[in-house]
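From first to last, the protein sequence lines stand for chains V and Y.
For the first sequence, my numbering gives the first residue as 0, with consecutive numbering after it.
For the second sequence, my numbering gives the first residue as 0, with consecutive numbering after it.
Don't be surprised by glycine CBs; every beta carbon is placed ideally from N, CA and C.
Have a look at the structure below before the remarks.
2 protein chains.
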Amino acid sequence: MEQIENFNYEELLEAFKALLKQNSLKFTSQREIILQTLYQNPHHFTPEDLYLLIKENHPDLTIGITTVYRTLNLLEENSLVTSLSFGINGKKFELSNKPHHDHLICQKCGKIIEFHDPKIEQLQEKIAKIHDFKLTHHLMQLYGICKKCQESENGENS
Amino acid sequence: MEQIENFNYEELLEAFKALLKQNSLKFTSQREIILQTLYQNPHHFTPEDLYLLIKENHPDLTIGITTVYRTLNLLEENSLVTSLSFGINGKKFELSNKPHHDHLICQKCGKIIEFHDPKIEQLQEKIAKIHDFKLTHHLMQLYGICKKCQESENGENS
DNA sequence: CTGTGTGCAAACATTTTGCAAGCAG
DNA sequence: CTGCTTGCAAAATGTTTGCACACAG
């Protein structure tokens with residue numbers, strides 16, 4: 000499994016353009032801004048988050064949420080973004096050009112923390128070996144309540 | 000895939016009844032059938048899957064999908080079922096009465112091996128602690144190719 | 001120029017809510 | 001009896017599609 004290394008925006012953009020060319024698709028300003036925005040904000044976005052952020056940062060650009068959906072799907076099909084479904088608040092997207100990591104998710108506020116633990120990965124390999132599996136990838140999501148939400152749980156009484 | 004069942008239905012049903020009583024809620028046949036169906040079919044259900052299955056197996060019972068949603072939410076809030084989001088479109092639910100385990104999944108033949116590794120769980124707790132999270136549960140799925148499929152990959156040329 | 005891309009509105013899909021009647025406790 | 005529960009219909013969300021015009025290549 001070849002994990003695309005941390006690239007800079009130029010490289011990412013080139014990859015995107017190459018992808019478009021390969022499929023006889025066109026490079027448009029909407030598509031560029033979507034990619035750029037994903038790059039500049041390394042968070043997890045719902046399509047709507049992304050749409051609103053773009054509208055805010057680029058008041059000049061006309062863009063519809065339809066285009067955001069279509070572009071995210073295009074990017075996902077081509078593995079430039081990854082989508083995760085965290086029970087809370089729908090499906091979220093992030094650029095896949097980051098090094099591998101897993102997620103810690105707050106079930107109350109939806110906050111997401113990324114982490115990476117080489118020891119866990121080692122143990123996963125070991126388990127795979129025991130069962131004679133050749134691992135390709137994995138999915139690990141830890142669900143819980145973040146500090147803030149724990150505090151507000153104690154503090155509030157409705 | 001062996002199904003681990005160390006709760007029997009009676010216990011589960013009692014837990015459910017206790018829960019209802021505690022909240023001054025009522026024990027209805029719809030709620031019972033939903034729980035029973037989840038118990039008898041240890042798969043992952045979308046609300047609609049479950050609704051259709053119940054309609055099929057209990058043609059006499061009137062039930063609406065609304066009730067399925069409401070009951071699943073009730074069960075989830077009280078940790079009797081867990082919801083997982085696998086890929087596209089759909090939150091899926093399963094009973095949480097199985098002992099905790101994770102999955103090793105063969106991407107070729109679909110074989111699923113359940114495993115449990117206390118060391119990994121420890122490390123997960125540690126990560127949660129670092130980020131001040133109180134863990135509720137987690138999802139870990141390792142994807143790979145099982146021994147048989149690795150062998151047949153070598154042997155066969157389609 | 002050609003054919004893809006876009007925004008808009010409408011269509012879909014999924015989940016939640018308001019309501020009047022039904023039933024558990 | 002009381003008031004929670006139910007199914008239905010309608011509403012609220014979230015996502016996709018049809019279409020005519022815009023524009024990249």
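If you reduce the DSSP assignment to three classes, tell me which class residue i lands in.
{"i": "V:THR159", "result": "Here chain V has residues from 0 to 157 only, and residue 159 of chain V is not among them."}
{"i": "V:CYS148", "result": "helix"}
{"i": "Y:ASP116", "result": "coil"}
{"i": "V:ASP48", "result": "helix"}
{"i": "V:THR27", "result": "coil"}
{"i": "V:GLN106", "result": "coil"}
{"i": "Y:GLN140", "result": "strand"}
What do you reckon, are the CB atoms on residue i and residue j nearer than 8 Å?
{"i": "V:LEU159", "j": "V:SER95", "result": "Examination of residue 159 of chain V is not possible in this model, given that chain V is present from 0 through 157 alone."}
{"i": "V:ILE112", "j": "Y:HIS130", "result": "yes"}
{"i": "V:ILE119", "j": "Y:PHE132", "result": "no"}
{"i": "Y:LEU60", "j": "Y:GLN29", "result": "yes"}
{"i": "V:LYS110", "j": "V:THR45", "result": "no"}
{"i": "V:LYS146", "j": "V:CYS108", "result": "no"}
What does a CB cutoff of less than 7 Å around residue i pick up in its chain, not counting 5 residues either side in sequence?
{"i": "V:PHE114", "result": "HIS100, ASP101, LEU103"}
{"i": "V:TYR142", "result": "ILE104, GLN106"}
{"i": "V:LEU19", "result": "LYS25, PHE26"}
{"i": "Y:HIS137", "result": "GLN123"}
{"i": "Y:GLU47", "result": "ILE64"}
{"i": "Y:LYS16", "result": "PHE26"}
{"i": "V:LEU74", "result": "VAL80"}
{"i": "V:MET0", "result": "Bear in mind that the predicted position of V:MET0 carries a pLDDT of just 36, short of 50, making it too unreliable to give a figure here."}
If I follow the unbroken alpha helix (DSSP H) through residue i, where does it start and stop?
{"i": "V:GLU94", "result": "Note on residue identity: the sequence assigns Leu, not Glu, to residue 94 of chain V. Segment 90 to 94 is the beta strand (DSSP E) holding V:LEU94; no alpha helix (DSSP H) there."}
{"i": "V:LYS62", "result": "It should be noted that the sequence gives Ile, not Lys, for residue 62 of chain V. Element bounds for V:ILE62: n/a, residue is neither H nor E."}
{"i": "V:LEU79", "result": "Taken as a continuous stretch (DSSP letters only), V:LEU79 belongs to no alpha helix (DSSP H), as it is neither H nor E."}
Within a Cβ cutoff of 8 Å, which residues of the same chain sit near residue i, ignoring the five residues on either side of it in sequence?
{"i": "V:LEU49", "result": "ILE33, THR36, LEU37, VAL67, LEU71, PHE92"}
{"i": "Y:ILE53", "result": "ILE32, ILE33, THR36, LEU60, ILE62, VAL67"}
{"i": "Y:LEU11", "result": "LEU34, TYR38, LEU79, LEU94, ASN96"}
Leaving out five residues on either side along the sequence, give the residues of the same chain with a beta carbon under 6 Å from the beta carbon of residue i.
{"i": "Y:ARG69", "result": "none"}
{"i": "V:ALA127", "result": "LEU134"}
{"i": "V:MET139", "result": "ASP101"}
{"i": "Y:HIS43", "result": "LYS91, GLU93"}
{"i": "V:TYR8", "result": "TYR38"}
Between the segment 111 to 127 of chain V and chain Y, which residues of the former have a C-beta closer than 7 Å to a C-beta of the latter?
-> ILE112, PHE114, ASP116, LYS118, ILE119, LEU122, GLN123, ILE126, ALA127
Residues, ordered as in the chain, of the segment 129 to 153 of chain V that lie near chain Y by beta-carbon distance below 7 Å = HIS130, ASP131, PHE132, LYS133, LEU134, THR135, HIS136, HIS137, LEU138, MET139, GLN140, LEU141, TYR142, GLY143, ILE144, CYS145, LYS146, GLN149
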